[in-house]
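Visitor: In the numbering used here, the protein residues as written are 26 to 152. For every residue, glycine included, the Cβ atom is placed at its ideal position computed from N, Cα and C.
#1: Please go through the same chain and pick out, in chain order, the residues whose beta-carbon is closer than 8 Å to the beta-carbon of residue 95, but skip the five residues on each side of it.
#2: Between the stretch 54–69 and the stretch 120–127, do three or more beta carbon pairs fall short of 8 Å?
#3: Which residues mark the beginning and the end of the alpha helix (DSSP H) in which residue 121 is found?
#4: So, under 8 Å CB-CB, residue 112 and residue 133 are touching, yes? Tell me the CB distance rounded to an integer number of Å.
#5: Can you list, in chain order, the residues of its chain whose CB lies under 7 Å from that of residue 82, leaving out five sequence neighbours each side?
#6: Note down the Cα distance separating residue 36 from residue 152, rounded to an integer number of angstroms.
#7: Which word fits residue 129, buried or exposed, when buried means at least 16 other C-beta atoms lie within 10 angstroms of its C-beta?
#8: If you measure between the beta carbons of residue 108 and residue 79, is that distance less than 8 Å?
#9: What's the gap between the Cα of residue 72 and the Cα of residue 104?
#10: What residue ranges within the stretch 74–102 form continuous alpha helix (DSSP H) runs of no fewer than 4 residues, ordered along the chain?
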């Protein structure tokens, strides 16, 4: 099938891997500030920060998954591992902060494409 072109899959892997690695490292190092958000979105994000453990775990998963994609290791596992996070990021942007939503939607769509591309790897889990 044309959508499962190996070159396209590898390109998506590298792009998504770099984006996840960038944002995961940013979560620990803080070289890029959070974008402007409306009050409702900011309140939600501040609540997650206040819990204390959500963002460190999120950033570790971003870094781990980004490295899996970049080094072409366990990509099917990485795509499923990161899916709940990218799905929730997309929902956050749909319901709370639609103005800064492009990157969140791009990451979600790239993640869906990798899941689609590696779908045969998941067939054994559905028996």
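Guide: Short version:
#1: As a first step, residue 95 is located in the chain shown; it is residue number 70 there, counting from the start. Within the same chain, residue 95 has close Cβ partners 38, 39, 42, 43 and 46.
#2: yes
#3: The residue you call residue 121 lines up with position 96 of the chain shown. Element bounds for residue 121: n/a, residue is neither H nor E.
#4: Counting from 1 along the chain shown, the entry for residue 112 is found at position 87. Counting from 1 along the chain shown, the entry for residue 133 is found at position 108. Contact holds; Cβ gap of about 7 Å.
#5: By one-based count along the chain shown, residue 82 stands at place 57. Answer for residue 82: no residue qualifies.
#6: To locate residue 36, count along the chain shown from 1; it is residue 11. To locate residue 152, count along the chain shown from 1; it is residue 127. Distance between the alpha carbons of residue 36 and residue 152 is about 31 Å.
#7: Your numbering for residue 129 matches position 104 in the chain shown. Under this definition residue 129 is a buried residue.
#8: In the chain shown, residue 108 corresponds to position 83, counting from 1. In the chain shown, residue 79 corresponds to position 54, counting from 1. Not in contact: residue 108 and residue 79 (Cβ atoms no closer than 8 Å).
#9: What you label residue 72 is simply residue 47 of the chain shown in a count that begins at 1. What you label residue 104 is simply residue 79 of the chain shown in a count that begins at 1. Going by the C-alpha atoms only, they are around 27 Å apart.
#10: 79–95
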